[in-house]
Amino acid sequence: MSDHSTSLSARAAYVCTEVSPQCPVQATTLGYYPNLALNSFILAAFVLAMIIQLVLGIWKKTWSFTTFIVLGCALEAAGYGGRIALSSNPYNQQAFETQICAIILAPTLICIGIYLTLKHLCLALSPSISRVRPKWYPFIFVPADVSCLLVQAIGGGIAASATAGDSTNMDVLDAGNHCIIAGIVLQVVVLLAFGGMSLDYWLRAKRWVHSGDVTPEALALWSDRKFRVFGLAMLGAYVCVQIRCIYRVAEMAGGWGNYIMQDQPSFTVLDSFMMLICVYLLSCFPPGVYFPNMNHRSKKARENDDEETRANVGEETQDDAEHSGFRSEKSEK
């Protein structure tokens, strides 16, 4: 019999509420005491990233992008708060449910912020070279991402209900686990689709820029150093989220309490640090500074410029008509 099976037997024989000789830490789902100092640092780092995003978002008025990144950071912070509580009592069921649900769901919200950038990238360079009308990108990826969120949330709720009371219903727990895995796999697929469409647009834009048909404004944006840095930051954030999701699929596939789930270093590197790198890339190279086309004021300014242009064209047309009429009257005389 494996150590984990022995641990489950121990939990079946006793109602475990804290670590004791009858209820060893190895019998918990995580199988270890989460490191207090490490998780406190990670929580503080996510709170700091959230504050940075909030300040920059209000300053530059990147409302949609900022909202989803801030919500994602807040969920991450809540999850690591749960892990801090588990560091003193690994049998704290409420803390376990908080950390598992919050840390699993948070990246889904952060992904929405990343997805929003593709629409504005296409609008800024050239909407005509995109295979899909830019305005449709959010309508494709945001609902798909929300679907991932809902599937994972349902799985988390099912898993939490399995531990209600004095015993654990393993069938219900496994059903919740399978639901969470399905949601994460769906998220990997959505991320791959987004990456493929982004790469396709970048390759088409690259050919278009070198074709000679590019507008001066688009060429200036393409050559702008800040724009390139922003693109690399988005790429880095995307890769980090994808690595984290693939790790989570492997972790959850082995069932609750498997050897991957009970390995704290792999969780720290492949989930905690990946998401920290992701949110700090998004915070240190925000669109409001490095890609002002996502700035609310810039969008409003462009709308005003378009209205002014249309008004000027209308005035010129009216003036031309008046001059034409004046010349006709003069000719008749």
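All residue numbers for the sequence shown refer to full-length UniProt numbering, where the first residue is 1 and numbers rise by one.
A virtual CB, placed ideally from N, CA and C, is assigned to each residue, including glycine.
Reference residue i; option with closest CA among the options
i, options, result
"R207", "L150, L125, P138 and A37", "L125"
"I184", "A45, T108, V19 and Y290", "T108"
"V132", "P90, I100 and A193", "A193"
"A102", "I180, W136 and V142", "I180"
"N35", "R83, F68, M274 and Y238", "R83"
"A144", "V190, P265 and P127", "V190"
"H178", "M252, A95 and I58", "M252"
"N39", "N293, P265 and N295", "P265"
"I112", "V142, S223 and A95", "V142"
"G155", "H210, A182 and M170", "A182"
"D200", "A37, Q93 and L121", "L121"
"Q94", "W202, G157 and Q242", "G157"
"F273", "H210, M170, A45 and A159", "A45"
Beta-carbon spacing of residue i, residue j below 7 Å
i, j, result
"S198", "L282", "no"
"F267", "A233", "no"
"A162", "L173", "yes"
"A77", "L43", "yes"
"F230", "L221", "no"
"I110", "G81", "no"
"C240", "I277", "yes"
"P138", "L123", "no"
"G288", "L56", "yes"
"Q99", "G79", "yes"
Distance, residue j Cα to residue i Cα
i, j, result
"A205", "I129", "7 Å"
"E97", "V188", "23 Å"
"C16", "Q26", "12 Å"
"C23", "Y247", "29 Å"
"D271", "T215", "42 Å"
"S87", "Y33", "5 Å"
"G196", "F291", "21 Å"
"T309", "K61", "Residue confidence for T309 is low, a pLDDT of 40 falling below 50, so the modelled location carries little weight; the figure read from the coordinates is stated next. Roughly 25 Å separates the two Cα atoms."
"G257", "D263", "10 Å"
"F41", "V70", "18 Å"
"Y115", "V19", "44 Å"
"Y280", "W59", "18 Å"
"G176", "A250", "16 Å"
"V269", "G255", "20 Å"
"A160", "E217", "54 Å"
"Y238", "W202", "15 Å"
"W136", "P127", "11 Å"
"W63", "I51", "14 Å"
"D171", "S223", "57 Å"
Rounded distance between the beta-carbons of residue j and residue i, thought under 8 Å
i, j, result
"T168", "P90", "That belief does not hold up - the Cβ atoms of T168 and P90 are roughly 15 Å apart, past 8 Å."
"L105", "A153", "6 Å"
"F65", "M294", "6 Å"
"L30", "M261", "7 Å"
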